[in-house]
Amino acid sequence: MPSSYRALFATPGTRGFTTAGLLGRLPLAMVGIGVVTMISQLTGRYGLAGAVAAALALSAAALGPQISRLVDRHGQARVLRPATLVSVAAVMGLLLCAQLGAPDWTLFVFAAGAGGMPSVGAMVRARWAVIHRGSPDALHTAYAWESIVDELCFIVGPILSIGLSTAWFPAAGPLLAAVFLLAGVVWLTAQRATEPVPEPREKHAGGSALRSPGLRVLTATFVATGAIFGAVDVVTVAFAEERGHKAAASLVLAVYALGSCLAGAVFGLLRPTGPAARRWLLGVCAMAVSMIPLQLAGNLPFLAVALFVAGLAIAPTMVTTMALVEAHVPRTKLTEGMTWTSTGLAVGVALGSSAAGWVVDAAGARAGYAVPVAAGAVAAVVAFLGYRRLRGPVPIRGGHGADDREPDRHDDQEHVA
């Protein structure tokens, strides 16, 4: 492991919460694709599978920021455990209804309840933000590390979920995801020494973190970005099935995540200069352009190579996004702010997976790759329109729009035009 990453774990407790975070966020990469695989196997209906996955994502989008807002106010341990128990119970209900052939509406009801699973990645990043507050280089490396962990989840998660559901029984993937979620959250919340201490109640005035113009730009762009991810997942499963190798979809999606993982590892070792907003804009545009070659895919090897190249733009863009959130959102709302970007992704995943499912049902898998191309174009347009809000002066951060410290070097970098 390079010295920059080794230095991150010199602080006691960091190894423990990152390992728990890895386990707890694996379900993010397993549940949606697992639900698509399970329902498509049991019913043969990709439209229904995509719609249920969309309902799950939309529920997560609605509930996730509210859970994170409660975390900012009351702490991780007090909020995450009950929220996780409710979510796991709903996942169990969803799997049972699918297996028993219950009416379609029951799948949507339990999918809505399952959306209450907490954003474990935001919880872990909030711990890093506290540990490395005032040290932008270390925080950049920490966010890069978390991006690597995210992509490891998206390498391992789909393989586990799709592989188990196709080789064992249809509900096996989502079932294991629920177990991972419960174990990861319990383990994470047991580590109280590194848990961010909630600010006093009087500092939580001012409404939602989404009042920040910069955060609204990031969230809106991530809706379109999430549509890319959701569509790619659904269409790739269908593409592989049309060619008689449905289980290979997990390997192809893992290659997509591998490209992002490698790019994130390298990016974490760099010390980028210049305004973060400009790097973010370039990253979003690169993600959009990388969707175009998918239209040419005629076989799985070509698709895997195209997705690997497309993945190279993901992690650096995500790392830069977290740095922008940390700069534009008040400290008392940091967990909520990070969750809003995940919420944007979740909404986009819902839209992308649903649209892709209907296109696949109507015109076949290859036509479905037009959906991520369109989503990428929308992401680039939104990013261009909102760029000025990200490159402008960053508000002084704190509970009431004021802070008790001078802006650090990280803040100063964001002022550069």
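Yeah, the sequence shown ends on 411 if you go by our numbering, and it's all consecutive. The beta-carbon is built from N, C-alpha and C at its ideal position, and this holds for glycine as well. Because the structure is a prediction, the values reported are computed rather than measured.
What whole-angstrom Cβ distance do residue i and residue j have, given they're in contact under 8 Å?
{"i": "G115", "j": "G28", "result": "In fact, because the Cβ distance is near 18 Å, the residues do not count as touching under 8 Å."}
{"i": "E330", "j": "A203", "result": "4 Å"}
{"i": "P190", "j": "R127", "result": "P190 to R127, Cβ: 10 Å. No contact."}
{"i": "A373", "j": "M281", "result": "7 Å"}
{"i": "C255", "j": "E145", "result": "4 Å"}
{"i": "F216", "j": "L306", "result": "The Cβ separation is near 18 Å, so there is no contact."}
{"i": "A123", "j": "L2", "result": "Between L2 and A123 the Cβ distance is about 13 Å, and since that is not below 8 Å, they are no contact."}
{"i": "E236", "j": "G362", "result": "That pair is no contact at about 10 Å."}
{"i": "L252", "j": "T230", "result": "Not confirmed; about 14 Å, so no contact."}
{"i": "F261", "j": "A309", "result": "6 Å"}
{"i": "W181", "j": "L17", "result": "7 Å"}
{"i": "M24", "j": "S155", "result": "4 Å"}
{"i": "L245", "j": "I153", "result": "7 Å"}
{"i": "T5", "j": "V118", "result": "Between V118 and T5 the Cβ distance is about 13 Å, and since that is not below 8 Å, they are no contact."}
{"i": "A45", "j": "S34", "result": "Contact doesn't hold; Cβ gap of about 12 Å is too wide."}
{"i": "A377", "j": "L294", "result": "The pair is not a contact, with the Cβ atoms about 31 Å apart (cut-off 8 Å)."}
{"i": "L50", "j": "A108", "result": "6 Å"}
Kindly indicate the opening and closing residues of the alpha helix (DSSP H) around residue i.
{"i": "R67", "result": "Y40 to H68"}
{"i": "S348", "result": "L328 to A357"}
{"i": "S141", "result": "P130 to A161"}
{"i": "A418", "result": "The question about residue 418 has no answer here: the residues shown for the chain are numbered -5 through 411."}
{"i": "T37", "result": "T8 to T37"}
{"i": "L264", "result": "Looking at the DSSP string, L264 is not in any alpha helix (DSSP H), and its letter there is neither H nor E."}
{"i": "A218", "result": "P207 to E236"}
{"i": "L384", "result": "A364 to R385"}
{"i": "L288", "result": "That residue, L288, is in no alpha helix (DSSP H); it is neither H nor E in DSSP."}
{"i": "H322", "result": "I308 to H322"}
{"i": "A96", "result": "Neither: A96 is in no alpha helix (DSSP H) and is coded neither H nor E."}
{"i": "G277", "result": "A270 to V283"}
{"i": "R412", "result": "This structure does not reach residue 412, given that the chain is present from -5 up to 411, and the question cannot be answered."}
{"i": "L204", "result": "First-last for L204: undefined, no H or E at that position."}
{"i": "V299", "result": "L294 to G305"}
If you draw a straight line from the alpha carbon of residue i to that of residue j, how long is it in whole angstroms?
{"i": "T219", "j": "R186", "result": "34 Å"}
{"i": "G370", "j": "A349", "result": "14 Å"}
{"i": "P59", "j": "A105", "result": "17 Å"}
{"i": "M111", "j": "A271", "result": "30 Å"}
{"i": "A165", "j": "L209", "result": "37 Å"}
{"i": "V367", "j": "G26", "result": "21 Å"}
{"i": "A84", "j": "T267", "result": "46 Å"}
{"i": "V228", "j": "G351", "result": "6 Å"}
{"i": "G7", "j": "T188", "result": "7 Å"}
{"i": "A92", "j": "L169", "result": "12 Å"}
{"i": "R75", "j": "T183", "result": "8 Å"}
{"i": "P207", "j": "L57", "result": "21 Å"}
{"i": "I149", "j": "L101", "result": "27 Å"}
{"i": "H198", "j": "H68", "result": "With a pLDDT of 49 at H198, under the threshold of 50, the modelled position of this residue cannot be trusted; read the value that follows with caution. Spanning the two alpha carbons is a distance of roughly 11 Å."}
{"i": "Y381", "j": "L318", "result": "12 Å"}
{"i": "L20", "j": "H134", "result": "23 Å"}
{"i": "L90", "j": "T31", "result": "15 Å"}
{"i": "R265", "j": "R273", "result": "12 Å"}
{"i": "R385", "j": "V323", "result": "14 Å"}
{"i": "A259", "j": "V341", "result": "27 Å"}
{"i": "I390", "j": "V80", "result": "No answer about I390 holds up, because its pLDDT of 46 lies below 50 and its placement is not dependable."}
{"i": "G292", "j": "A300", "result": "11 Å"}
{"i": "D398", "j": "T337", "result": "With a pLDDT of 35 at D398, under the threshold of 50, the modelled position of that residue is not reliable, and no figure is offered here."}
{"i": "D98", "j": "A257", "result": "41 Å"}
{"i": "R360", "j": "M285", "result": "13 Å"}
{"i": "R72", "j": "I222", "result": "34 Å"}
{"i": "A132", "j": "V226", "result": "33 Å"}
{"i": "Y40", "j": "S129", "result": "47 Å"}
{"i": "L263", "j": "A214", "result": "29 Å"}
{"i": "F302", "j": "M312", "result": "16 Å"}
{"i": "A54", "j": "L158", "result": "24 Å"}
{"i": "L22", "j": "L64", "result": "21 Å"}
{"i": "H239", "j": "W334", "result": "36 Å"}
{"i": "P192", "j": "I61", "result": "14 Å"}
{"i": "V278", "j": "C147", "result": "22 Å"}
Would residue i pass as an interface residue toward chain D - the criterion being a Cβ-Cβ separation below 8 Å?
{"i": "F223", "result": "The displayed structure is made up of one protein chain only, and chain D is not part of it."}
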